[in-house]
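Colleague: Line by line, the protein sequences are chains A and B. Read in order, the letters of the first sequence correspond to residues 3 to 255 in my numbering. Read in order, the letters of the second sequence correspond to residues 909 to 1213 in my numbering. The beta carbon of each residue, even a glycine, is placed where N, CA and C say it ideally should be. Because the structure is a prediction, the values reported are computed rather than measured. Below: one structure in structure tokens.
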Amino acid sequence: MVECSPSELMVVVAARELKDKETVLVGVGIPNLAANLAKKLQAPGLNMVYESGAVGSNPSRMPLSIGDPCLVTGAKSVCSMYEQFAYYLQGGRIDVGFLGGAQIDKYGNINSTVIGQYKTPKVRLPGSGGACDIASNVKKIIVITPHEKRRFVEKVDFKTSPGFIDGKAAWKALKLQGGGPYAVITNLCTMKFDDASGEMMVTSLHPGVTIEKVQENTPWKLKVSDKLEQTPAPTEKEAATLRSLDPHKIYLG
Amino acid sequence: MDSSKLMSMKEAVGKHVKDGDTVYLAGFTHMIPFAAGHEIIRQGRKDLTLARATPDIIYDQMIAAGCGKKVVFSYAGNPGVGSLRCFRRALEKGQPKPIEIDEYTHFGLSGRLFAGATNMPFLPMRTNKGSDLPPFNPNIKTVKDPYTGDDIMVVPPLKPDVAVVHVQRADVNGNAHIWGIIGEQKDAAFASKKVIISCEEIVGEDVIRSDPNRTLIPDFAVHAVVHEPWCAHPSYTQGYYDRDNEFYMQWDDITKEHDSTMKWMQEWVYGVEDRQAYMKKLTSEKVLKLLPKAAYSAPVSYGSV
Chain A
3 MVECSPSELM VVVAARELKD KETVLVGVGI PNLAANLAKK LQAPGLNMVY
53 ESGAVGSNPS RMPLSIGDPC LVTGAKSVCS MYEQFAYYLQ GGRIDVGFLG
103 GAQIDKYGNI NSTVIGQYKT PKVRLPGSGG ACDIASNVKK IIVITPHEKR
153 RFVEKVDFKT SPGFIDGKAA WKALKLQGGG PYAVITNLCT MKFDDASGEM
203 MVTSLHPGVT IEKVQENTPW KLKVSDKLEQ TPAPTEKEAA TLRSLDPHKI
253 YLG
Chain B
909 MDSSKLMSMK EAVGKHVKDG DTVYLAGFTH MIPFAAGHEI IRQGRKDLTL
959 ARATPDIIYD QMIAAGCGKK VVFSYAGNPG VGSLRCFRRA LEKGQPKPIE
1009 IDEYTHFGLS GRLFAGATNM PFLPMRTNKG SDLPPFNPNI KTVKDPYTGD
1059 DIMVVPPLKP DVAVVHVQRA DVNGNAHIWG IIGEQKDAAF ASKKVIISCE
1109 EIVGEDVIRS DPNRTLIPDF AVHAVVHEPW CAHPSYTQGY YDRDNEFYMQ
1159 WDDITKEHDS TMKWMQEWVY GVEDRQAYMK KLTSEKVLKL LPKAAYSAPV
1209 SYGSV
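Okay, here's the thing in structure tokens:
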């Protein structure tokens, strides 16, 4: 078995969720690595789209921001910001979107706006950017996050990006065109969402992790799938390919 | 040829940016007109409504300098790095003074500009439902779709008093060629009452007319043209100089305190007369590091019988 850092493990597991020919809306950092890894392995035809308007990018180095010039050099297309959100996102052309945030709750609602009250913030975070637009319009939302109690909360302080709200019924009533949260990938496990209730549940434990350990790091009683699986360890090929994408360990440290 | 539009950044800001204006310094990561922001700071403009999808370092600086009373935005972070500390200090602690916010999603804000540019009363969009933002922003409203009867979210048009748009090349009348990440530049220009174009290069009208698809902003929408090489540093201009990612990371340290921020501002904004003087302070090592390898597009023919 290859020794992997927690970040490397999360990227490998996330990359496996991406299929060839899919169109994926990528953020910087870890999601960008996951998309690039998938493209080098099982999904050579993956279309990477960035909310800055770069479409079909082929970055020669790791971009620091989603508007990095290396995302334009050799891209398939570049469109305006409005067009990106109107034609690509609202047009229903994005299969998978990656989101992150300071807090996520058991229905996959994500907070990237504020800790504390909106009007009297304890910590003001950057806000939605395209996150709410992505959550409302892509077929699958994937969240990659370290499994920490301060990030997993029973109820987020602020719903920046809607997940299944407080259950599938409330989400259905919104009539969003997107498919909602699909997977939450942490350093401990993969969680997906119960079809009926829309509640997060553990579907796969990463190598060496027990369900008790996952529960210890989650502040509510976690649902566990009756088909609980073991996440296959990263292969030599996956690990080597990933490390070649971030040789200076900017994101994989 | 009406060369009266050609002027320095000092003249353009002096003539077209007034206290209390809503300003839009355009550019999604790319071609952010830092030189214009610095000139606005030097001229001591105040009570500005600072509109930008991503306030970025430029509005962080203008907030620290006390130019703004309100920020209209959709993502107030330092991309890839973390927080905009000056924005946060103003919001969380009222330092150097309190600031109001008017917040949207990226689609919401770019939609507001599109509605402003096309003179629509409002723009419907499939976002914001289920989010906690609408209850805090009365500008984001719900209307009945007259065709399906469903609820649909709408945003109002945004019509800034003045937009500043940096471009790769323009002629003296302001016909502007833009490529790379074209962000919200065209929408901001068409939505605004006045437009200042700054450019890396002034070219002849023949160059503009040789490639009309690249002209995103035509001269009759433009009020001032500024020839300002390296206007966008530490942001970038595709094909001319790369993004100074190192500075974006350093900004996080520089802005740890209001005092440390103002010390930097004394040296790099108040302490220089214009962008040329700013550029003289950058080391040649830094400048050389930011120069990209050329990557030319294949030429196209616009010929007709």
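Could you give the residue range of the beta strand (DSSP E) that holds A/Thr-25?
Modeller: The count along the first sequence starts at 1 and reaches residue 25 of chain A at position 23. Note, A/Thr-25: beta strand (DSSP E), 25 to 27.
Colleague: Roughly how far, in whole angstroms, is the beta-carbon of B/Ile-863 from the beta-carbon of B/Asp-1079, given that I think they are within contact range, below 8 Å?
Modeller: No answer is possible for residue 863 of chain B: it lies beyond the span of chain B, which begins at 909 and ends at 1213.
Colleague: Sort out for me which residues DSSP pairs B/Asn-986 with in a bridge.
Modeller: On the second sequence, position 78 is the one that residue 986 of chain B refers to. According to DSSP, which records beta bridges pairwise, B/Asn-986 is partnered with B/Gly-990.
Colleague: To which residues does DSSP link B/Leu-958 through a beta bridge?
Modeller: The residue given as residue 958 of chain B occupies position 50 in the second sequence. Looking at the DSSP assignment, B/Leu-958 forms a beta bridge with B/Val-931 and B/Val-979.
Colleague: Which class does A/Gly-99 belong to by DSSP, given the choice of helix, strand or coil?
Modeller: Taking the first residue of the first sequence as 1, we reach residue 99 of chain A at position 97. Reduced to three states, the DSSP call for A/Gly-99 is strand.
Colleague: Please go through the stretch 1079 to 1156 of chain B and give each complete beta strand (DSSP E) segment of 3 or more residues, from N-terminal end onward.
Modeller: Runs found: 1102 to 1110, 1123 to 1125 and 1132 to 1135.
Colleague: For A/Leu-127, count neighbouring Cβ atoms within 10 angstroms of its own Cβ and tell me buried if that reaches 16, exposed if not.
Modeller: Position 125 of the first sequence, counted from the first residue, corresponds to residue 127 of chain A. A/Leu-127 comes out buried.
Colleague: Could you check what DSSP says for A/Glu-266 in three-state terms: helix, strand or coil?
Modeller: With chain A represented from 3 up to 255, any question about residue 266 of chain A goes unanswered, as that position is not in the structure.
Colleague: Is it true that the CB of A/Glu-231 sits closer than 8 Å to the CB of A/Val-14?
Modeller: Within the first sequence, the letter at position 12 stands for residue 14 of chain A. Within the first sequence, the letter at position 229 stands for residue 231 of chain A. It is not a contact, given that the beta carbons lie outside the stated cut-off.
Colleague: Using only CA atoms, which one of B/Lys-1101, B/Gly-988 and B/Ile-940 lies nearest to B/Tyr-967?
Modeller: As a working note, residue 967 of chain B is residue 59 in the second sequence. Checking every option, the nearest Cα to that of B/Tyr-967 belongs to B/Ile-940.
Colleague: Just to make sure I have the definition right: I need the residues of chain B whose C-beta is within less than 9 Å of the C-beta of A/Lys-161. Which are they?
Modeller: In the first sequence, counting from the first residue as 1, residue 161 of chain A sits at position 159. The contacting residues are Gly-1038, Ser-1039, Asp-1040 and Leu-1041.
Colleague: Would you identify the three-state DSSP class for B/His-946, choosing helix, strand or coil?
Modeller: Position 38 of the second sequence holds residue 946 of chain B. B/His-946: helix per DSSP, three-state reduction.
Colleague: For the stretch 175 to 198 of chain A, list every residue whose C-beta sits within 8 Å of some C-beta in chain B, in sequence order.
Modeller: If the cut-off is 8 Å between Cβ atoms, the stretch 175 to 198 of chain A has Leu-176, Lys-177, Leu-178 and Gln-179 near chain B.
Colleague: So, is A/Leu-11 buried or exposed, given that buried needs 16 or more other C-beta atoms within 10 angstroms?
Modeller: As a position in the first sequence, residue 11 of chain A is number 9, starting the count at 1. With 16 or more other Cβ atoms within 10 Å, it is buried.
Colleague: Give the range of the alpha helix (DSSP H) segment to which A/Thr-243 is assigned.
Modeller: Counted from its first residue, the first sequence places residue 243 of chain A at position 241. From DSSP, the alpha helix (DSSP H) with A/Thr-243 extends over 238 to 247.
Colleague: Using a Cβ-Cβ distance under 8 Å, would A/Thr-25 count as near chain B?
Modeller: If you number the first sequence from 1, residue 25 of chain A lands on position 23. Not an interface residue.
Colleague: On the DSSP bridge list, what partners appear for A/Ala-56?
Modeller: Position 54 of the first sequence, counting from 1, holds the residue named residue 56 of chain A. Note: A/Ala-56 sits in a beta bridge opposite A/Val-80.
Colleague: Let me check understanding here. Comparing Cα to Cα, which of A/Arg-245, A/Gln-119, A/Ile-106 and A/Gly-93 lies closest to A/Ile-265?
Modeller: Any answer about residue 265 of chain A is impossible in this case: the structure gives chain A only from 3 up to 255.
Colleague: Return the CA-CA distance between B/His-945 and B/Ala-1140, expressed in angstroms with no decimal places.
Modeller: Position 37 of the second sequence, counted from the first residue, corresponds to residue 945 of chain B. Position 232 of the second sequence, counted from the first residue, corresponds to residue 1140 of chain B. Going by the sequence as given, residue 945 of chain B is Gly instead of His. If you take the alpha carbons of B/Gly-945 and B/Ala-1140, they lie about 10 Å apart.
Colleague: Contact criterion: CB-CB distance below 8 Å. Does B/Tyr-932 meet it with respect to chain A?
Modeller: The residue given as residue 932 of chain B occupies position 24 in the second sequence. Judged by the 8 Å Cβ criterion, B/Tyr-932 is not in contact with chain A.
Colleague: Going by the CB atoms, is the gap between B/Leu-958 and B/Val-925 shorter than 8 Å?
Modeller: Here residue 925 of chain B is taken as the residue at index 17 of the second sequence, counted from 1. Here residue 958 of chain B is taken as the residue at index 50 of the second sequence, counted from 1. Contact: no.
Colleague: Helix, strand or coil for B/Gly-1179 per DSSP?
Modeller: Stepping through the second sequence from its first residue, residue 1179 of chain B is reached at position 271. In this structure, B/Gly-1179 counts as coil in the three-state DSSP scheme.
Colleague: At a CB-CB cut-off below 8 Å, which residues of chain A make contact with B/Gly-1091?
Modeller: In the second sequence, counting from the first residue as 1, residue 1091 of chain B sits at position 183. Here the neighbours are Ser-54, Gly-55, Gly-69, Ser-82 and Met-83.
Colleague: Considering A/Gln-92, what are the terminal residues of the beta strand (DSSP E) in which it resides?
Modeller: By 1-based counting over the first sequence, the position of residue 92 of chain A is 90. First-last for A/Gln-92: undefined, no H or E at that position.
Colleague: Report yes if the CB atom of A/His-149 is closer than 8 Å to the CB atom of A/Val-98, and no otherwise.
Modeller: Locating residue 149 of chain A in the first sequence gives position 147, where the first residue counts as 1. Locating residue 98 of chain A in the first sequence gives position 96, where the first residue counts as 1. Not a contact, by the Cβ cut-off of 8 Å.
Colleague: Is it true that the CB of A/Tyr-109 sits closer than 8 Å to the CB of A/Gly-165?
Modeller: Mapped onto the first sequence, residue 165 of chain A falls at position 163. Mapped onto the first sequence, residue 109 of chain A falls at position 107. It is a contact, given that the beta carbons lie within the stated cut-off.
Colleague: With 16 other CB atoms within 10 Å as the buried threshold, where does A/Phe-267 fall?
Modeller: Since the first and last residues shown for chain A are 3 and 255, residue 267 of chain A lies out of range.
Colleague: Taking its Cβ as the centre, do 16 or more other Cβ atoms sit within 10 Å of A/Gln-179, making it buried, or is it exposed?
Modeller: Locating residue 179 of chain A in the first sequence gives position 177, counting from the first residue. Exposed.
Colleague: Could you tell me which residues DSSP puts in a beta bridge with A/Pro-183?
Modeller: Stepping through the first sequence from its first residue, residue 183 of chain A is reached at position 181. For A/Pro-183, which the question treats as bridged, DSSP gives the partners A/Ile-143.
Colleague: For a cutoff of 8 Å on Cβ pairs, would you count A/Asp-135 as touching chain B?
Modeller: Position 133 of the first sequence, counted from the start, is the residue given in the question as residue 135 of chain A. It does; some Cβ of chain B falls within 8 Å.
Colleague: Can you find a C-beta in chain A that's less than 8 Å from the C-beta of B/Ala-1071?
Modeller: Here residue 1071 of chain B refers to the residue found at position 163 of the second sequence. Closer than 8 Å: no.
Colleague: For A/Ala-172, does the three-state DSSP call read helix, strand or coil?
Modeller: Position 170 of the first sequence, counting from 1, holds the residue named residue 172 of chain A. Looking at A/Ala-172 - three-state DSSP - the assignment turns out to be helix.
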